[in-house]
Each structure stands twice: as structure tokens, then as C-alpha cells.
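Colleague:
There are 2 protein chains.
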Amino acid sequence: MARKQTTYVILGILAIHDNQSGYEIRKTIQQTVGFFWGESFGQIYPTLKKLLADGLIVAASPGSAPKARRQEYSITAAGLACLQEWLVIPYRDDPPRDEFLLKLFFGHEATPSVCIAHVRKFQDQHRRLLNTLLELEGLARIHSSNNPGFPFWMLTLSYGLARLRSDLEWSESALAMLLTQEAAAASNAPLAKNEHAANLA
Amino acid sequence: MARKQTTYVILGILAIHDNQSGYEIRKTIQQTVGFFWGESFGQIYPTLKKLLADGLIVAASPGSAPKARRQEYSITAAGLACLQEWLVIPYRDDPPRDEFLLKLFFGHEATPSVCIAHVRKFQDQHRRLLNTLLELEGLARIHSSNNPGFPFWMLTLSYGLARLRSDLEWSESALAMLLTQEAAAASNAPLAKNEHAANLA
DNA sequence: ACACACATGTAATTGGTTACATGATTTC
DNA sequence: GAAATCATGTAACCAATTACATGTGTGT
Chain A
3 MARKQTTYVI
13 LGILAIHDNQ
23 SGYEIRKTIQ
33 QTVGFFWGES
43 FGQIYPTLKK
53 LLADGLIVAA
63 SPGSAPKARR
73 QEYSITAAGL
83 ACLQEWLVIP
93 YRDDPPRDEF
103 LLKLFFGHEA
113 TPSVCIAHVR
123 KFQDQHRRLL
133 NTLLELEGLA
143 RIHSSNNPGF
153 PFWMLTLSYG
163 LARLRSDLEW
173 SESALAMLLT
183 QEAAAASNAP
193 LAKNEHAANL
203 A
Chain B
3 MARKQTTYVI
13 LGILAIHDNQ
23 SGYEIRKTIQ
33 QTVGFFWGES
43 FGQIYPTLKK
53 LLADGLIVAA
63 SPGSAPKARR
73 QEYSITAAGL
83 ACLQEWLVIP
93 YRDDPPRDEF
103 LLKLFFGHEA
113 TPSVCIAHVR
123 KFQDQHRRLL
133 NTLLELEGLA
143 RIHSSNNPGF
153 PFWMLTLSYG
163 LARLRSDLEW
173 SESALAMLLT
183 QEAAAASNAP
193 LAKNEHAANL
203 A
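If you read the sequences in order, they're chains A and B.
The numbering used here numbers the first residue of the first sequence as 3 and each following residue consecutively.
The numbering used here numbers the first residue of the second sequence as 3 and each following residue consecutively.
This is the structure in C-alpha cells:
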């Protein structure tokens, strides 16, 4: 039975920590797998309904503080089985699409400063994400190091950190290259003017 | 005017090399930006019609060998302007989705061999892609090093290579970790049995 | 004759984002 | 009392994949 990916993120998150509302599930997703996975409410709430109807999750009333109108869910045995079935299926790599690289690839059609701006944005974002991941790593080590899932979380985290560092390293050399090219272009134009002036004189 | 991304890939490809058919454009995309961008025919042909209607490209009859029924296109001044406008707009990073990492993150819910299989597949794919990119780099250096776009192509290529190497390095340590964990799990089960037998004796 | 690459297109479906609509609770 | 966060949901839209349908040219 082919289900959409949202199904499995939700099941997986509930398998790690039960009794979460749709709102909380989304927050947990952002805080744990957010750096390589995103989900929107427009996707989460309908999926939750479907999972409930299929018996993969059950509705549980909030234990302690019954705030607002709020529905918590837990994973069922059937849900766990469904998750485990999915886990063994070879992953399919989603068709790659990187608008940043695409703009860079066509960079010759733009002025030098355009690519420089893109790479700077890229660096900013990656630096910020690096800080976030380092914080996340610290928190995980403190609060979850005895959790059986911990080694796997560290695996994805170390992937993220390795990639981030590689990306930042690359971006430095890319920026250096673009800046020298810009400088060359800038010195060529005035040079051309000077030559023109020299010719006139 | 907001256009879909397919628009700009096509325009960009035609800006680099004119007089290509839809079929050729797709092939070119695969061979140049394929490692970070994909396009399907279901997307290309309708977009080509739209670009033609909007005057961003023009239909050109095949120059030399008029094979099959086949339509070549070239970019217009308006098309180039449209591409350039798009290039300066800050890139928006597409919401990240990596099924491989997601399965790894939930790895604790599966048997150790499951994650190992995923990582092995990951390694295979990345090694193959590394070879492809190295070949691509060689070809580009031979045939296009004097093209004004060359530095930008090398930028994306070096990004791909850096990432690939980082990914492969990570995958080695990930695999090592998973293998020791698997060995530990395998030696624990028999150990438990032995203890049980010892208790009986 | 057969297979493969060339070549173009359409239709169905899906997976997903975004915007909209609503309202309660907490905090300042 | 205003603002932020918590909380749930629906509807419109869209970009893109996939499968389907069709046919030609080339090489074996």
C-alpha cells in the first residue's frame, strides 16, 4: 500500500515520542529533522485524519493540562508495523532541484555582483544552520544520549554537519573566485576608458 | 511575472547553446545540470509552447539535416532579458526532503541490516555519480574551457565534487558505526542464550 | 525484421504549498 | 487590551511526475 511520505514522518515521530498533537508533531519535526525535512499543516492535519481512520494512530485525551481544543495522538501496533515495513523499502531519491546552483550555473548571463550576492546569502544561511545544528547536538547529548534512537539521530546530525562544513568551505573558494573575477571586470572597464583617453591624447 | 522554474532552465540552456529541440534540451539538461536539476518531457514540451507564445523563444527550422518531425528553438532578446531578470532575484531554497536521511533517522525502529543496506546504496550511487562528474569535468575542460560560461560551470561542478566527497567520507564512518552496532547486537543474542543455558546447568 | 534512439505530445494523478478562516490561551 | 503563541482545519492552486499514445530514422 503506497502512502505518501508525510505518513511515515508522523508515524516515526510518534514512535519516538507518543501523545503529541498535530501542532506539536510539526514542531518536533522542525526541531529534529527540520534540516532535511519539512511538513506543512495543510499536509499534517489531513494525514492525521487518514491515519486515525486507518487505525495506525489513536486519539488520546491530553493527560495533564486540558488546554484549548487540542487532540493528541499515539501510534498503534499497526502503525508501528506500517512504519517498519516502509523502513526496509529502498529509499527513492527525490529528483534533485537546487535553484541556487542553477542561478550560479547561468551566472555568466548576469553581472558578477549577482552571483556574489547569491553566494553570500548561501554562506549566511549555512552559518546560521551550522549554529542551529551544533546547539541541537549539544541538547541531544545532554537529554537523549541514553535513548535507543540516539545513535541514529547522531548519524543524520553528523551528516548535516559534514555537509554544512563542506558547503561552507566550497563557498569560500567560490566567493574568492567570483571576487577576483569581479575585480578583473571592474579594472577592465576603467582601463578601456583610460586607453580610450590615451588614444585621444 | 512569476513563471515556473522550468522556464528558466530552458532559457538558460538556450542562452548557452541555441537551436535545440525539446528532446535535445532535456538531454543537455541531464548532461550539464543533471546532478542538481531534473526536467521531464511532460514539463518541457508544454513550457516550450508557452515560451513560444510569449515570444521568449522562436522556432527555427533545423539547419543541416532535416530529420524526423523536429522543432528547434532559439532564445530571443526578450527571453534573454527574462532570464537575466530572474537571475538577480534571490534564490528561494526549496523545502528540503531527503528520504534517505529520514529512514536513517528512524533507524532504531528497523533491524541493523536495514540501515546498512541504505548506506550501501547511498555509497554506490555517490561513487557512480562521482565518476560521472569527474568525466564531465574532463570533457568540459577539453571542449569548453574557452567558453565565457566555463568558470560558472566549474563552480557548480566543484560544488558537486566537494559534496560528493564529503558525503562519501561521512558514509564510511556511518557504515563503520552501523557495522559495529550490528556485530554487538548479533553477539548479544547468543550471549543471552549462553547465560540462559548457564543458569539451567 | 527488430530494437533502439530520436521525437513530440496529452491526460491523469498526486503531492504539496499557500492562503484563508477561526478561535483559545498566555504574556506583557 | 494588544500581541504572540497555541491550535485546527479547509480550499484553491500549482508544479511536476507518470503513464499513455504515436510515429520516424538508424543500425544490426
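For each residue, glycine too, the CB sits at the ideal point set by N, CA and C.
Using only CA atoms, which one of A:Trp155, A:Glu171, A:Thr30 lies nearest to Gly162 (chain B)?
Modeller: Residue 162 (chain B) sits at position 160 when you count from the first residue of the second sequence. It is A:Glu171.
Colleague: Only counting the same chain, and skipping five residues up and downstream in sequence, which positions put a Cβ closer than 7 angstroms to that of Asp20 (chain A)?
Modeller: For the purposes of this step, residue 20 (chain A) is identified with residue 18 of the first sequence, where counting begins at 1. Excluding positions up to five away in sequence, the list reads Ser76, Ile77.
Colleague: Could you tell me which of B:Ile59, B:Leu131, B:Ser146 sits nearest to Gly81 (chain B), measuring between CA atoms?
Modeller: Mapped onto the second sequence, residue 81 (chain B) falls at position 79. Nearest C-alpha to Gly81 (chain B): B:Ile59.
Colleague: Among the candidates A:Arg94, A:Leu138, A:Cys117, A:Tyr93, whose CA atom is the shortest distance from the CA of Phe154 (chain B)?
Modeller: As a first step, residue 154 (chain B) must be located in the second sequence, where it is residue number 152. It is A:Cys117.
Colleague: Which residue marks the beginning of the alpha helix (DSSP H) containing Ser42 (chain B), and which one marks its end?
Modeller: By one-based count along the second sequence, residue 42 (chain B) stands at place 40. Taken as a continuous stretch (DSSP letters only), Ser42 (chain B) belongs to no alpha helix (DSSP H), as it is neither H nor E.
Colleague: Runs of 4 residues minimum, wholly inside the stretch 56-138 of chain A: which ones carry the alpha helix (DSSP H) assignment?
Modeller: 79-90, 101-107
Colleague: Using the Cβ count rule (16 or more neighbours within 10 Å means buried), how would you classify Ile91 (chain B)?
Modeller: For the purposes of this step, residue 91 (chain B) is identified with residue 89 of the second sequence, where counting begins at 1. It counts as exposed.
Colleague: Step through the CB atoms of chain B and report whether any lies within less than 8 angstroms of the CB of Gln7 (chain A).
Modeller: Position 5 of the first sequence, counting from 1, holds the residue named residue 7 (chain A). Yes, Gln7 (chain A) lies at the interface with chain B (some Cβ there is under 8 angstroms from its Cβ).
Colleague: List the endpoints of the continuous alpha helix (DSSP H) containing Val11 (chain B).
Modeller: Numbered from 1 along the second sequence, position 9 holds the residue referred to as residue 11 (chain B). That run of the alpha helix (DSSP H) goes 7-18.
Colleague: State the DSSP-derived secondary structure class of Ser147 (chain B), mapped to helix, strand or coil.
Modeller: Reading the second sequence from its first residue, position 145 is the one you call residue 147 (chain B). DSSP places Ser147 (chain B) in coil when its eight states are reduced to three.
Colleague: What are the boundary residues of the alpha helix (DSSP H) that Gly24 (chain B) is part of?
Modeller: Translated into the one-based positions of the second sequence, residue 24 (chain B) becomes position 22. Per DSSP, Gly24 (chain B) belongs to the alpha helix (DSSP H) from 24-34.
Colleague: Grouping DSSP H, G and I as helix and E and B as strand, with all else coil, what is Ala4 (chain B)?
Modeller: Taking the first residue of the second sequence as 1, we reach residue 4 (chain B) at position 2. Assignment of Ala4 (chain B) by DSSP, reduced to helix, strand and coil, places it in the coil class.
Colleague: Quick test of the definition: if touching needs 3 or more C-beta pairs under 8 angstroms, does the stretch 43-58 of chain B touch the stretch 6-13 of chain B?
Modeller: The stretch 43-58 of chain B and the stretch 6-13 of chain B touch, with no fewer than 3 CB-CB distances between them shorter than 8 angstroms.
Colleague: Leaving out five residues on either side along the sequence, give the residues of the same chain with a beta carbon under 7 angstroms from the beta carbon of Ser66 (chain A).
Modeller: Mapped onto the first sequence, residue 66 (chain A) falls at position 64. Low local confidence applies: a pLDDT of 49 at Ser66 (chain A) is under 50, so the model's placement there is unreliable, and no value is given.
Colleague: Since Phe38 (chain A) meets chain B, which of its residues come closer than 8 angstroms, beta carbon to beta carbon?
Modeller: Walking along the first sequence from the start, residue 38 (chain A) turns up at place 36. What Phe38 (chain A) touches in chain B: Pro98, Arg99, Asp100, Leu103, Leu104.
Colleague: With DSSP collapsed to three states, give me the class of Phe38 (chain B).
Modeller: Locating residue 38 (chain B) in the second sequence gives position 36, where the first residue counts as 1. Three-state result, Phe38 (chain B): coil.
Colleague: Which chain A residues are close to Tyr25 (chain B), counting only those with a beta carbon under 9 angstroms from its beta carbon?
Modeller: The residue labelled residue 25 (chain B) in the question sits at position 23 within the second sequence. What Tyr25 (chain B) touches in chain A: nothing, since even the nearest Cβ is about 19 angstroms away.
Colleague: How big is the Cα-Cα spacing for Asp100 (chain A) and Asp96 (chain B)?
Modeller: Here residue 100 (chain A) corresponds to residue number 98 of the first sequence, with the count starting at 1. Here residue 96 (chain B) corresponds to residue number 94 of the second sequence, with the count starting at 1. For Asp100 (chain A) and Asp96 (chain B), the distance between alpha carbons rounds to 7 angstroms.
Colleague: Any Cβ of chain B within less than 8 angstroms of the Cβ of Leu135 (chain A)?
Modeller: Counted from its first residue, the first sequence places residue 135 (chain A) at position 133. Judged by the 8 angstroms Cβ criterion, Leu135 (chain A) is not in contact with chain B.
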